[in-house]
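If you read the sequence shown in this note's numbering, its first letter stands for residue 355, the second for the next number, and so on.
Cβ coordinates follow ideal geometry from the N, Cα and C atoms, glycine included.
All figures in this text were calculated on a predicted structure; none of them were measured in a lab.
Here is the structure we will look at, set down as structure tokens.
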Amino acid sequence: MSLDTRLNALSDALLDPKLLRGKGLGNEIGFYIFDYAPEREPDVVKALPRVVQAVEAAGVRVGVIDLYQTVLGMLEERGYLDKALALEQTRGAAALHGALKPLLSPDKVATAVARQAQGAELVLLTQVGAAYPLLRSHSILNNLHERLDQVPVVMLFPGTYDGQQLRLFGLFKDDNYYRAFRLLPEPNQGVHA
């Protein structure tokens, strides 16, 4: 199934009553990964407003949470954004990552995401790739379990997910993560449609 076909089917998949109950098969948490080729990110970004509009027109409150903007907001709120940008420019990305690690712990980011998700019946996490390497996908999902266990969460993921392993951009292997279902997987590649 091509990405265009999957994007056209996405609003219907998000409106599936099983997904909206927030629980997967066997009563697992309702976390889903919509993975796609990283070079198709502009197509996903362009389609997202149409998808959200269709889901909201069906009466479901959608929380679209941009992880990159969440990180920037957290830094700005604490007065560190300009310092972080200067640090990256003078000392590089590795120094920036080390300096921001305590401020952007997965627990703190998950708390910020949960705060933004209040009132939502469905949460879409976007801009995962833009937030890398400051955020790791599996860490955010692991920390969201206790905060959003009754709300279905769909991570729009520029890379691959095979039901066990996340590979951001198809390159960077994240730790194993097996609690999410692939949403609209391509034939012969997924567990759950």
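| Asked | Found |
| --- | --- |
| N-terminal and C-terminal residue of the beta strand (DSSP E) that Met509 is part of | Val507 to Tyr515 |
| When Gln443, His492, Gly433 and Arg445 are compared against Ser459, the one with the closest alpha-carbon | His492 |
| Spatial neighbours of Gly544 in its chain, beta-carbon cut-off 6 Å, leaving aside the 5 residues before and after | Note that Gly544 has pLDDT 42, beneath the 50 cutoff, so the model's placement of it is unreliable and no number is given. |
| Reduced DSSP category for Asp503 - H, G, I as helix; E, B as strand; rest coil | coil |
| Inter-stretch contact (C-beta, 8 Å, three-pair minimum) for the region 506-524 and the region 387-404 | yes |
| Backbone CA spacing between Glu431 and Tyr422 [nearest angstrom] | 14 Å |
| Proximity to Ala408 [Cα-Cα], best of Ile419, Asp366, Ala447 and Arg501 | Asp366 |
| Backbone secondary structure at Arg536 - three-state DSSP | strand |
| Inter-residue CB distance, Tyr434 and Leu450 (contact presumed, cutoff 8 Å) | Their Cβ separation, rounded to whole angstroms, is 11 Å, which puts Tyr434 and Leu450 out of contact at 8 Å. |
| Cβ contact check for the region 471-480 and the region 437-450: 3 or more pairs under 8 Å | no |
| Check whether Glu500 and Arg415 have beta carbons under 8 Å apart | no |
| CB of Pro392 within 8 Å of CB of Phe523, strictly | yes |
| Per-residue burial, Met355 [other beta carbons within 10 Å of its own, 16 or more giving buried] | exposed |
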